[in-house]
Amino acid sequence: MILKHRILLSHEAIEESGGAARALHALENELLQREIGLVFGSDDSKSLFLTDAGFHGVLVSWTLPGSLELIETIRQRNAHIPIFLLIEREESTQLPEELLSNVSELIWLFEDSIPFIAGRVEASIDRYSDQILGPMAKALLEFDHIHEYSWHTPGHTGGTAFQKAPAGRMFYDYFGENMFRSDLSISVGELGSLLDHSGPIGEGEKYSARVFGSNRTYTVTNGSSTSNRVIWTASVGRGQVALVDRNCHKSNEQGLTLTGSIPQYLMPTRNRYGIIGPIPPEHLSPKELLKNGKPVHCVITNSTYDGLIYNVDRVLEIIGDSLDRIHFDEAWYGYARFHPLYKGRFAMRGEPSKTPSKGPTLFATHSTHKLLAALSQASFIHVRDGRNSIDHTRFNESFMMHASTSPFYPIIASNDITTSMMDGPGGTAMLDESIRDAITFRQMVTRLWREHEKKGDWFFQTWNPTQIGRTNFEDVSADKLASDPACWVLHPKDSWHGFELEDNYCMLDPIKVSVLTAEFPAALLT
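Sequence positions in the sequence shown follow the numbering used here and run 6 to 531.
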């Protein structure tokens, strides 16, 4: 039998033969008739949930040891999944408020009929399943379920053309039917249009704008290189001055070429390891910025490839009154909004409704395929309107200049999926895992480095502080390192980073790990 949904059942009576076990197995049979499968767990329920994102509901026994902790863990990962608490009627009056706020329904197993309980469970998981996907991805799956014939481009017509030759059949079998059925054309009106941002595609962009904190978000299917060029051609004209981070991506250099604008380069620093640092605050002073006339655009790389990120609040404090449009190339940094460690250090910080209308217009580009879960070439442009903002109609002319009239729909859908994955506590939990994994690696390598140093031997070292205060880096608690930005700030008197900067201006992103190898005198390298 093909199951529509799976539910985790966490109950201590699963292996017993009493009334509770008989009721549970009767519920299992009833749910199976509705194409819903039960996965049984007790002591291992937490691990089962954390390692399998495919559950559409959870049934938890109140008398199971650790049930409260299990429910809290589930809610930390997923704010919406239905949680049903199996409990006796008389016990329900003693439940703490914290628990009641985290469960969806109470189930009195012996007081309602099994078909009725199964119906309640089915209705709840159907509602939950209906809201998992963003607007565009949901519409794409619904269109696939209709099984419409393809009478439009692309010419492989849902993959059928590939099945007419040996090479094509191998290609078709490798990727599977769903990929080819979802490779559609702008002729499919039910999905809307990427070029005019209508229908489910447009609704998906609005959804992403809400989650990523922008006034407007645009899905781009040609990577952040194209996203950067879209912003340039919308914002800058021939002969106008633009400020350019000298450590920018080549797509921003191409933006200069396309627009015919005049660059004024903002010079970053470089340390003894060759790592390129941030643009110092003194290079962003109004006196420096305005020496060639008032620039119309400024692009800053945040974060750098090595993980150096600006205090954006401080950057805007320095340049916000001098520039009307500031473009943060955050291709490698699209996750920053979803963890408190990065507070104030990314472009779309705070809420759009609370952004001063007299402040500069902000742009951010995110390569959602790099460090978020989207397909290659997927990207976002985020816009936070301010002074001298560019209205949608004008901006979209630049967008259409660079966009294909035949976009790959799975790329668009993958941006929608990325947004859904980061929306709510689940996004923060996943990002926290990545931060802690990187911290574990850093501490392991640092511990080995320190042991070898005591012996007078050489060993690799990760580029980060060797001490936090008076405590060795490897002995600092992971909780502190994953929550306190001060552990990662480039403080002026710290020798490990090799930059001269004001305090709290720049921070190292713990996720991006640089490993230091042996240093050789410069003479040996010539």
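Heads up, the beta-carbon is just placed ideally off N, CA and C, and yes, glycines get one too. This structure is a prediction, so every number in the text was calculated from the model and none was measured.
Neighbour-count burial assignment, residue i, 16 or more Cβ in a 10 Å radius
{"i": "Leu99", "result": "The sequence shown places Gln at residue 99, not Leu. With fewer than 16 other Cβ atoms within 10 Å, it is exposed."}
{"i": "Trp463", "result": "exposed"}
{"i": "Leu367", "result": "buried"}
{"i": "Lys292", "result": "exposed"}
{"i": "Asn83", "result": "buried"}
{"i": "Glu127", "result": "buried"}
{"i": "Trp468", "result": "buried"}
{"i": "His344", "result": "buried"}
{"i": "Ser394", "result": "buried"}
{"i": "Gly46", "result": "buried"}
{"i": "Pro87", "result": "buried"}
{"i": "Gln448", "result": "buried"}
{"i": "Asn307", "result": "buried"}
{"i": "Pro140", "result": "buried"}
{"i": "Leu105", "result": "exposed"}
{"i": "Glu103", "result": "exposed"}
{"i": "Val320", "result": "buried"}
{"i": "Val108", "result": "buried"}
{"i": "Glu356", "result": "exposed"}
{"i": "Tyr278", "result": "exposed"}
For residue j and residue i, believed in contact at Cβ under 8 Å, the rounded distance
{"i": "Ser129", "j": "Leu75", "result": "Going by Cβ atoms, the distance from Ser129 to Leu75 rounds to 18 Å, so no, they are not a contact pair."}
{"i": "Ser488", "j": "Leu346", "result": "6 Å"}
{"i": "Lys145", "j": "Ala336", "result": "The sequence given here places Leu at residue 145; Lys does not occur at that position. About 25 Å separates the two Cβ atoms, so there is no contact after all."}
{"i": "Leu271", "j": "Ile284", "result": "5 Å"}
{"i": "Pro286", "j": "Ile323", "result": "6 Å"}
{"i": "Ile516", "j": "Ile440", "result": "6 Å"}
{"i": "Ile280", "j": "Gly244", "result": "That pair is no contact at about 35 Å."}
{"i": "Cys511", "j": "Gly325", "result": "About 18 Å separates the two Cβ atoms, so there is no contact after all."}
{"i": "Val246", "j": "Pro171", "result": "Contact flag wrong, Cβ pair sits at about 58 Å."}
Spatial neighbours of residue i in its chain, beta-carbon cut-off 8 Å, leaving aside the 5 residues before and after
{"i": "Ala177", "result": "Sequence check: residue 177 is Tyr here, not Ala. These residues qualify, in order along the chain: Gly164, Phe167, Gln168, Phe185."}
{"i": "Gly204", "result": "Ala144, Gly194, Glu195, Leu196, Gly197, Ser198"}
{"i": "Gly181", "result": "none"}
{"i": "Ala528", "result": "Note that Ala528 scores a pLDDT of 43, beneath 50, so its modelled location is shaky; the value from the coordinates is reported in the next line. Cβ within range, chain order: n/a, list empty."}
{"i": "Thr445", "result": "Ala483"}
{"i": "Asp149", "result": "Asn183, Arg186, Ser187"}
Cut-off 6 Å between Cβ atoms - residues of its own chain near residue i, not counting five sequence neighbours on either side
{"i": "Ala25", "result": "Ala18"}
{"i": "Pro526", "result": "The predicted model places Pro526 with a pLDDT of 48, which falls under 50 and marks its position as unreliable, so this point remains unresolved."}
{"i": "Asp318", "result": "Gly349"}
{"i": "Cys303", "result": "Leu248, Leu328, Ile331"}
{"i": "Ser381", "result": "His374"}
{"i": "Leu530", "result": "In this prediction, Leu530 scores a pLDDT of 40, lower than 50, which makes its location untrustworthy; no coordinate-derived value is stated."}
{"i": "Asp514", "result": "Ser308, Gly312, Ile314"}
{"i": "Tyr414", "result": "Ser187, Leu189"}
{"i": "Trp237", "result": "Gly260, Thr264"}
Other residues of its chain near residue i: CB distance less than 7 Å, five sequence neighbours each side excluded
{"i": "Glu35", "result": "Ile119, Pro120, Ala123"}
{"i": "Tyr212", "result": "Gly139, Pro140, Thr424"}
{"i": "Ile79", "result": "Phe54, Val63, Ile86, Ile88"}
Contact test: residue i Cβ vs the ligand ATP heavy atom, cutoff 6 Å
{"i": "Lys498", "result": "Questions concerning the ligand ATP fall outside what the structure shown contains, since it holds no ligand whatsoever."}
Any C-beta of chain D under 7 Å from that of residue i
{"i": "Arg319", "result": "Within the model displayed, chain D is absent; a lone protein chain is all it includes."}
Query raised in the report: Quick one: complete beta strand (DSSP E) runs, 3+ long, within the stretch 335-387?
Result: With a minimum length of 3 residues, the continuous beta strand (DSSP E) runs that stay inside the stretch 335-387 are 366-371.
Report task. Would you check if there are 3 or more beta carbon pairs closer than 8 Å linking the stretch 250-268 to the stretch 222-235? Result -> yes
Query raised in the report: Are there three or more Cβ pairs, one per stretch, closer than 8 Å when the stretch 47-67 is compared with the stretch 6-13?
Result: yes
Query raised in the report: Can you list, in chain order, the stretches of the alpha helix (DSSP H) that have 4 or more residues and sit fully within the stretch 31-64?
Result: 50-56
**Report entry** Those runs of the beta strand (DSSP E) which lie wholly inside the stretch 261-349 and span at least 3 residues
**Finding:** Correct list: 267-271, 302-306, 313-315, 330-334.
Query - the stretch 446-465 contacting the stretch 499-511, beta-carbon criterion three pairs below 8 Å - result: no
**Report entry** 4-residue-minimum alpha helix (DSSP H) runs that sit fully inside the stretch 174-211, ordered along the chain
**Finding:** 182-186
Query raised in the report: If we count Cβ pairs, one from each stretch, closer than 8 Å, do we get three or more for the stretch 424-433 versus the stretch 263-282?
Result: no
Query raised in the report: Can at least three beta-carbon pairs, one atom from the stretch 93-107 and one from the stretch 39-58, be found at a separation below 8 Å?
Result: no
Query - Three CB pairs or more closer than 8 Å across the stretch 469-484 and the stretch 403-411 - result: no
Query raised in the report: For the stretch 97-166, which segments carrying the alpha helix (DSSP H) assignment without a break, of at least 4 residues, lie completely within its bounds, in sequence order?
Result: Taking 4 residues as the minimum length, the alpha helix (DSSP H) runs contained wholly in the stretch 97-166 are 102-105, 119-137, 140-151, in order along the chain.
**Report entry** Contained alpha helix (DSSP H) runs [length at least 4] in the stretch 219-245, N- to C-terminal order
**Finding:** The alpha helix (DSSP H) runs of length 4 or more contained entirely in the stretch 219-245 are, from start to end of the chain, 228-240.
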